[in-house]
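Numbering (our numbering), first residue to last: 177 to 398.
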């Protein structure tokens, strides 16, 4: 029973990390954070309201509402082409006045973008090794399975720490530049936290099943 729970934990962690790894603009509802902008010039009844959300492979904007002399015009939202990183389009910079924000949101995040897919791949390998151990129950499969799952848990923990730290830095940097911007955290940080917890539980269960099972088989042999 425990070994099947172990497999379930690894599979659930893999799915969470997979969703984090693809995220926006591929999976449009999953994002690292959103940057909302609101510029108003009350005297001439003009301004720009909109936002941009960032994911592992680019960004997507909301509908941008541009008001000039009281007349509103809505530009439909759009997404960048899938590409690793947070490079902001020049036209988007001009429209939302994002000058100087590229560096503000880039601190530490690039490493997290690379680390999450790596942790995802190793979590999937841990899932396969857990199945291998359940079917073979050999000493080799136990050692390899525990080692790989431990690596997946450590990498995911590092990814979570980097994610939450980078988000806090980005929020602080952006709000320091202008009061017209606000940063809202997305789902990826908490999904990474969920995957981290599942992986550590999985490692714990793998150790119980793998090494306790070996001791029991030795007793039966003697």
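Just so you know, even glycine gets a beta-carbon here, dropped at the ideal spot from N, CA and C. Values in this document were obtained by computation on a predicted structure and should not be read as measured data.
Original post:
Can the beta-carbon of residue 135 be found less than 8 Å from the beta-carbon of residue 239?
Top reply: Any property of residue 135 remains undetermined from this structure, which presents the chain solely from 177 to 398.
**OP:** Pull up the CB-CB distance for residue 303 and residue 186, whole angstroms please, since I reckon it's below 8 Å.
**Re:** 4 Å
Original post:
Looking at residue 233 and residue 210, is the spacing between their C-beta atoms short of 8 Å?
Top reply: no
Subject >> Exposure of residue 201, with buried meaning 16 or more beta-carbon neighbours within 10 Å >> reply: buried
Original post:
Where do the ends of the alpha helix (DSSP H) carrying residue 323 lie?
Top reply: 315-353
Original post:
When we look at the beta-carbon of residue 228 and count the other beta-carbons within 10 Å, is it buried (16 or more) or exposed?
Top reply: buried
Original post:
Based on the DSSP secondary-structure assignment, which residues constitute the bridge partners of residue 214?
Top reply: 225
**OP:** Give a yes or no on whether the C-beta atoms belonging to residue 331 and residue 379 are separated by under 8 Å.
**Re:** no
Subject >> Assigned exposure category for residue 352 - 16 Cβ within 10 Å defines buried >> reply: exposed
Subject >> residue 196 beta carbon less than 8 Å from that of residue 135 >> reply: Only positions 177 to 398 of the chain appear in this structure, which leaves residue 135 out of reach.
Original post:
If you check the beta carbons only, do residue 318 and residue 183 fall under 8 Å apart?
Top reply: no
**OP:** Please say whether residue 178 and residue 384 have beta carbons closer to each other than 8 Å?
**Re:** yes
Original post:
Applying the criterion that 16 or more other CB atoms from any shown protein chain within 10 Å of the CB defines a buried residue, is residue 292 buried or exposed?
Top reply: buried
Original post:
Grouping DSSP H, G and I as helix and E and B as strand, with all else coil, what is residue 361?
Top reply: strand
Original post:
Which residues bound the alpha helix (DSSP H) around residue 193?
Top reply: 178-202
Original post:
What are the boundary residues of the beta strand (DSSP E) that residue 237 is part of?
Top reply: 234-237
Subject >> residue 314 versus residue 321: straight-line alpha-carbon distance, rounded >> reply: 10 Å
**OP:** Could you check the C-alpha separation between residue 355 and residue 214 for me, to the nearest Å?
**Re:** 9 Å
Original post:
Going by other Cβ atoms of all chains shown within 10 Å of its Cβ, with 16 needed for buried, is residue 360 buried or exposed?
Top reply: exposed
Original post:
Terminal residues of the continuous beta strand (DSSP E) containing residue 240?
Top reply: 240-244
Subject >> Option nearest residue 236 by Cα separation, candidates 242, 247 and 203 >> reply: 203
Subject >> Sub-8 Å separation of residue 371 and residue 193 beta-carbons >> reply: yes
**OP:** Determine the contact status of residue 288 and residue 342, defining contact as a CB-CB distance below 8 Å.
**Re:** yes
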